Structure formats: C-alpha cells, structure tokens
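So in our numbering, the last spot in the sequence shown is 334, and the numbers never skip. All C-beta atoms, glycine included, are put in the ideal place defined by N, C-alpha and C. Please read these numbers as outputs of a predicted model, since none were measured by experiment. Below is one structure; the comments refer to it alone.
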Amino acid sequence: MRDAVLSMLLDNLGNFVSGEDISRQLGITRAAVWKYIRLLQSEGYLIESSTKKGYCLRQVPDILDEVLLTRGLNTSILGRNVEIHSSIGSTNARAKELALSGAREGTVVIADEQVQGRGRLGRSWVSPPGKGIWMSVILRPRLSSQQVPRITIMTAVAVANALKRSAQIDVGIKWPNDVVCGGKKLCGILTEVHAEPEVIHYAVVGIGLNVNLSFEDLPEDIRDIATSLRIEKGKEFNRADIIKSILQEMEKGYLQGLRDDGFAGLLKEYERRSVILGKRIRVIGVDGQFSGYAQGFGLDGSLMLRLDDGRVERILAGDVSLRGENGYV
6 MRDAVLSMLL DNLGNFVSGE DISRQLGITR AAVWKYIRLL QSEGYLIESS TKKGYCLRQV
66 PDILDEVLLT RGLNTSILGR NVEIHSSIGS TNARAKELAL SGAREGTVVI ADEQVQGRGR
126 LGRSWVSPPG KGIWMSVILR PRLSSQQVPR ITIMTAVAVA NALKRSAQID VGIKWPNDVV
186 CGGKKLCGIL TEVHAEPEVI HYAVVGIGLN VNLSFEDLPE DIRDIATSLR IEKGKEFNRA
246 DIIKSILQEM EKGYLQGLRD DGFAGLLKEY ERRSVILGKR IRVIGVDGQF SGYAQGFGLD
306 GSLMLRLDDG RVERILAGDV SLRGENGYV
C-alpha cells in the first residue's frame with residue numbers, strides 16, 4: 006500500500022492530492038494514509054501537508070526504490086523484476102545465485118552499497134553507500150561461449166548512450182570493459198557466464214558506475230585514474246533515472262545488436278567510442294607485457310594489435326589488461 010500511495014503522489018508531482026481522494030481510491034482509512042505519508046517522509050521524500058489541500062510531493066530523493074526504478078521504464082525484459090539491497094557483498098554473486106535457481110531473464114540486482122565489489126581479474130571495486138550504481142543483470146542469450154565478449158561490448162555501448170541521454174556527458178570506451186571520461190575510469194563492466202561450448206545457460210552482467218562520488222570519496226591510490234559523474238559535471242544525479250536509461254539502452258542492444266546481422270553495426274559504434282584505436286598501448290598478461298598499436302576489433306570481441314615488426318596479433322580479453330604508454334589510457 007505504501008507503493009500505491011507513492012504512485013498517486015508521483016502522478017501528481019508538485020500538486021496537492023487530498024487525503025480523502027487517496028483514501029477513497031486505495032480503500033484505506035485517512036489514518037492509514039497519514040501513516041504512509043509519514044513513512045515516505047522518513048525515507049527522504051519531501052511531502053508538504055495541508056489540512057485543507059492534502060499532500061504534495063515536492064521533491065524525490067536519490068534512493069533505490071522499486072517504484073522509482075520501474076516507473077516509466079520502457080522495457081519488456083530488463084528490469085521487470087528487481088531485487089534491491091541496502092548493502093550486499095556482491096551484486097554479481099547474488100545474481101548468479103538467482104540465475105542458478107531459475108530467475109527469469111532480465112532480473113536486476115541493485116545495491117546501495119557493495120562491501121565485496123569485484124572487477125575483472127579479481128580486482129576490488131570501491132562501492133560506497135548512496136554514491137553509485139552497483140547492479141547486475143541476468144541474461145540468457147542465444148550465443149555460443151565464444152561470443153560472450155559481445156555482451157560486454159553491447160553493455161559498454163549501452164552505458165555510453167545512456168549517459169549521453171540522461172547525464173548529457175560524452176564518454177569513451179577502453180577495451181574491453183571500461184567506460185572512461187577525461188582519461189579516467191568512470192564505469193566498469195564484469196560479465197560472468199555459466200556456459201558450455203555451444204550454449205550459454207546464463208550470463209550475469211555487472212555494472213559499477215561512479216555517480217555521486219566526490220574526489221575525496223575515491224581512495225587515494227586511484228584518484229589519478231578514476232572519476233565520477235559528479236566530479237566531471239560538478240553536480241549530483243538521480244541514480245534511478247540513470248539506471249532506467251541504462252536498462253533501456255541495454256535491452257535495445259540485447260535484442261537488436263547481439264545477432265550476427267546486428268553486431269557489425271554495434272561494433273562500429275564501439276569502435277567510434279574507443280579511446281585506444283590508433284594509439285600505442287601496452288598489453289599486460291600473466292606471461293609479461295608487450296606493446297603495439299590498437300588497429301581494430303574482431304567480431305569475436307578481440308583486439309587487433311599491430312606489433313612493431315608489422316605482425317598483427319589477435320588479443321582476447323581473458324587475463325590481460327591494457328595501459329596507455331604514459332598512463333591509464
């Protein structure tokens with residue numbers, strides 16, 4: 006019933022709704038209406054009350070609320086089922102549990118805080134409460150295991166497009182899984198799958214996006230390579246709006262871009278946003294490192310690297326990371 010009261014207030018955002026109207030439409034007492042108003046106020050919703058006019062929702066807080074996350078979400082698959090946590094170890098770990106137990110495709114796990122957030126190659130990911138988007142999406146794509154990198158490419162493009170639309174910011178993509186701004190990491194993507202050679206049983210796509218972190222919120226050891234929307238734009242953002250935009254862009258890419266006939270176009274968009282193409286970069290792996298010029302990307306998501314002797318090496322994401330010759334990018 007709390008959600009129904011909130012929905013009525015959102016339908017009339019900035020305008021008064023009488024307690025009598027809420028009571029009648031929802032079939033609850035005026036006292037119950039007041040109880041839910043007080044509850045919403047305690048959660049951060051700025052609601053003005055008037056004996057004569059009723060209740061007016063003046064401001065919506067930046068909180069992870071299922072009503073806010075699903076309201077106006079224009080998708081058919083992604084985000085139709087949402088699990089929200091105030092704090093969690095890892096959204097990817099939880100999403101994998103749900104996927105194994107049969108959770109439907111498009112289920113999203115979102116947390117206000119992660120205490121064991123992870124990135125590629127087992128690196129930790131700083132996920133403080135109320136400052137970012139820490140979420141994982143369950144997919145069941147009709148792809149072979151060799152095509153898994155397409156999911157990360159699709160997601161990176163979706164995040165870039167969503168940020169352009171919802172935050173009015175232009176970002177780049179650093180192969181294979183980073184979204185960057187001003188030469189610093191803004192968002193990381195971690196795709197994990199349960200698969201056999203010819204079939205993917207499920208894929209979990211984790212997205213860690215620094216939204217409202219200040220410079221001081223960033224650990225000192227990553228301040229020269231990481232950033233946030235707040236740092237780049239000088240203002241704070243509503244995370245629910247950005248989450249919905251990401252899910253809508255992801256679904257578009259998922260339904261249209263992963264197929265063979267659509268992926269070539271998606272890859273071109275990925276290349277257009279690449280911050281490494283044409284640049285000299287270092288590839289760092291378990292067996293050492295080597296340098297070359299980023300020449301392009303294959304349909305399997307691999308990086309085509311032109312070595313100093315003229316040979317072109319095909320690099321799979323796997324257990325390698327990239328660095329620019331003079332820094333992160």
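Using DSSP's beta-bridge definition, name the partner residues of residue i.
i	result
Q64	L51
N215	G137
V22	Y60
V114	E88 and S141
L31	In DSSP, L31 forms no bridge with anything.
Q152	According to DSSP, which records beta bridges pairwise, Q152 is partnered with nothing at all.
L310	A299 and E318
S326	I289
Q119	I93 and S132
Only counting the same chain, and skipping five residues up and downstream in sequence, which positions put a Cβ closer than 8 Å to that of residue i?
i	result
G137	G213, L214, N215, V216, N217, L218, S233 and R244
S28	T34, R35, A37 and V38
P66	E48, G49, Y50 and L51
Y298	G283, K284, R285, I286, L310 and R311
In chain order, what residues of the same chain have a beta carbon less than 6 Å from the beta carbon of residue i, not counting five sequence neighbours either side?
i	result
L78	G84 and K249
S47	none
P202	S150
I115	L69, I89 and M140
With burial defined as no fewer than 16 other Cβ atoms inside 10 Å of the residue's Cβ, what is the status of residue i: buried or exposed?
i	result
F302	buried
G24	buried
R277	exposed
A172	buried
R99	buried
I227	exposed
L126	Confidence is the limiting factor: at L126 the pLDDT is only 46, short of 50, which leaves the residue's position unreliable, though a coordinate-based value still follows. Exposed, because fewer than 16 other Cβ atoms sit within 10 Å of the Cβ of L126.
D183	buried
P154	buried
S95	buried
K101	buried
Within its chain, find whatever has a CB closer than 7 Å to the CB of residue i; leave out the 5 residues flanking it on each side and keep chain order.
i	result
T80	L252, Q253 and E256
V22	M13, L14, G59 and Y60
I320	V288, S307, L308 and L310
A163	I251, E254, M255 and G258
D246	S171
P224	V131
R76	L15
I82	E110, G111 and E256
Closer than 8 Å to a non-hydrogen atom of the ligand HEM - does that hold for the CB of residue i?
i	result
P202	As presented, the structure is devoid of all ligands, the ligand HEM included, so that no description of it is given.
Indicate whether the contact test is met: 3 or more Cβ pairs, each with one atom in the segment 148-164 and one in the segment 197-213, closer than 8 Å.
-> yes
Mind pulling the beta strand (DSSP E) runs of 3 or more residues that sit fully within the segment 227-298?
-> 285-290
Between the segment 188-202 and the segment 281-297, are three or more C-beta pairs nearer than 8 Å?
-> no
Okay, do the segment 172-185 and the segment 266-285 touch, 3+ Cβ pairs below 8 Å being the bar?
-> yes
Unbroken alpha helix (DSSP H) runs of length 4 or more, entirely within the segment 154-225: which are they?
-> 154-171
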